[in-house]
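Peer 1:
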Amino acid sequence: MVRCKTIIANLSTYLDEECSPELRRKIEHHLSRCRRCSAVFDTTRKMLVITGDARVFEVPVGFSDRLHRFLSATLASA
Numbered sequence: 731m732v733r734c735k736t737i738i739a740n741l742s743t744y745l746d747e748e749c750s751p752e753l754r755r756k757i758e759h760h761l762s763r764c765r766r767c768s769a770v771f772d773t774t775r776k777m778l779v780i781t782g783d784a785r786v787f788e789v790p791v792g793f794s795d796r797l798h799r800f801l802s803a804t805l806a807s808a
């Protein structure tokens, strides 16, 4: 079984479709069963979509701090 820390560490590779088929299968299996990693994955994917948009937008006050705390807590408890 793959640990949460391994999943989080490989999300970028997974999202960029640069991981091996075996790792992709393991990540997808883990994401289907782990709510925390699935939430981190969804948040990361959405952030990539938002930041890839050429339009300028303003992030809500405190968003960066909340995101950092959430990710830190998720990694600490993994």
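Heads up, the numbering used here is the position in the sequence shown plus 730, with the first residue counted as 1.
By construction, the Cβ of each residue, glycine as well, lies at the ideal position given by its N, Cα and C atoms.
Please read all numbers here as calculations on a predicted model, not as lab measurements.
List the endpoints of the continuous alpha helix (DSSP H) containing Ser807.
Peer 2: To locate residue 807, count along the sequence shown from 1; it is residue 77. Where Ser807 is concerned, the enclosing alpha helix (DSSP H) stretches over 793-807.
Peer 1: Taking only beta-carbon positions, decide if Cys749 is within less than 7 Å of chain C.
Peer 2: Looking for chain C here will not work: only one protein chain is present.
Peer 1: Using 10 angstroms around the beta-carbon of Ile737, count the other beta-carbons present and answer buried if the total reaches 16, otherwise exposed.
Peer 2: Position 7 of the sequence shown holds residue 737. The residue is buried, with at least 16 neighbouring Cβ atoms inside 10 Å.
Peer 1: Could you pull out every residue in the same chain whose Cβ sits closer than 8 Å to the Cβ of Ser768, ignoring the five residues on either side in sequence?
Peer 2: Residue mapping note: residue 768 aligns to position 38 of the sequence shown, counting from 1. The residues are Leu761, Ser762.
Peer 1: Decide if Val791 is buried, meaning its Cβ has at least 16 other Cβ atoms within 10 Å, or exposed.
Peer 2: Within the sequence shown, numbered from 1, the residue matching residue 791 stands at position 61. With fewer than 16 other beta carbons inside 10 angstroms of its own, Val791 counts as exposed.
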